[in-house]
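First up is the structure itself, then whatever we jot down about it.
Right under this line is the structure:
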């Protein structure tokens, strides 16, 4: 009998069959990830979040100009945040404020100023820069904050280009 068992084991080995009983061992492991709250704002050239171009006005007769913040063909500040996040967006008064008023400065002399107003999300009251809360409910990761500037020239002003820089801060 022992000889028969040895021959069967040798034959099984020659055929590539397991000569002994097999065993199996199974264990579990965990796969996990943490998602942090976060936001980014779409940018254009040189990292800018967009620009408002009020166009050309007559420096003698004056006039009114109004325009929206644009990033390429997209209107407004394009915010992208983790769903479930609530952000606060604030704005400063720009580089040339006076008495709480935003002003564009003549780019050549810096002496002549043109006041302007900034409006957010279709409001009829100028945005002084106080925090605007924007929520990103579950399933939503993109919101647009519409910004519009307007200026009224009521007196003659020097010809040239005028500009201001407003700092927008997004916090969450």
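In mature numbering (1 follows the signal peptide of the UniProt record, and there is no 0), the protein residues as written are -23 to -1, 1 to 149.
Yeah, the Cβ is synthetic: ideal placement off N, Cα and C, and Gly gets one too.
Can you tell me the Cβ-Cβ gap for residue i and residue j, rounded? I've got them flagged as a contact below 8 Å.
i	j	result
residue 64	residue 148	7 Å
residue 93	residue 128	4 Å
residue 47	residue 27	6 Å
residue 71	residue 134	Their Cβ separation, rounded to whole angstroms, is 17 Å, which puts residue 71 and residue 134 out of contact at 8 Å.
Can you tell me whether DSSP reads residue i as helix, strand or coil?
i	result
residue 198	With the chain covering only -23 through 149, there is no way to say anything about residue 198.
residue 136	coil
residue 73	coil
residue 17	strand
residue 45	strand
residue 125	strand
residue 64	strand
residue 57	strand
residue 146	strand
residue 28	strand
residue 50	coil
residue 130	strand
residue 116	coil
residue 39	strand
Find out if the Cβ-Cβ distance for the pair residue i, residue j is shorter than 7 Å.
i	j	result
residue 138	residue 57	no
residue 90	residue 140	no
residue 36	residue 136	yes
residue 29	residue 42	no
residue 69	residue 106	yes
For residue i, collect the residues of the same chain with a Cβ closer than 6 Å to its Cβ; drop the 5 residues on either side in sequence, then sort them by chain order.
i	result
residue 130	34, 39 and 40
residue 125	45 and 96
residue 50	none
residue 120	56 and 111
With a threshold of 8 Å on Cβ separation, who are the neighbours of residue i within its own chain once the five nearest residues in sequence on each side are excluded?
i	result
residue 122	53, 54, 56, 66, 97, 98, 109 and 111
residue 102	96
residue 80	71, 73, 74, 90, 91, 92, 93 and 141
Taking 7 Å as the limit between beta carbons, can you name the residues of its chain near residue i, skipping five residues before and five after?
i	result
residue 62	14, 16, 113 and 149
residue 21	27, 48 and 49
residue 31	42, 44, 126 and 128
residue 104	68, 95, 96 and 97
Only counting runs of 3 or more residues, tell me where the beta strand (DSSP E) segments fall wholly within the segment 75 to 114, in order along the chain. 79 to 83, 90 to 97 and 109 to 112
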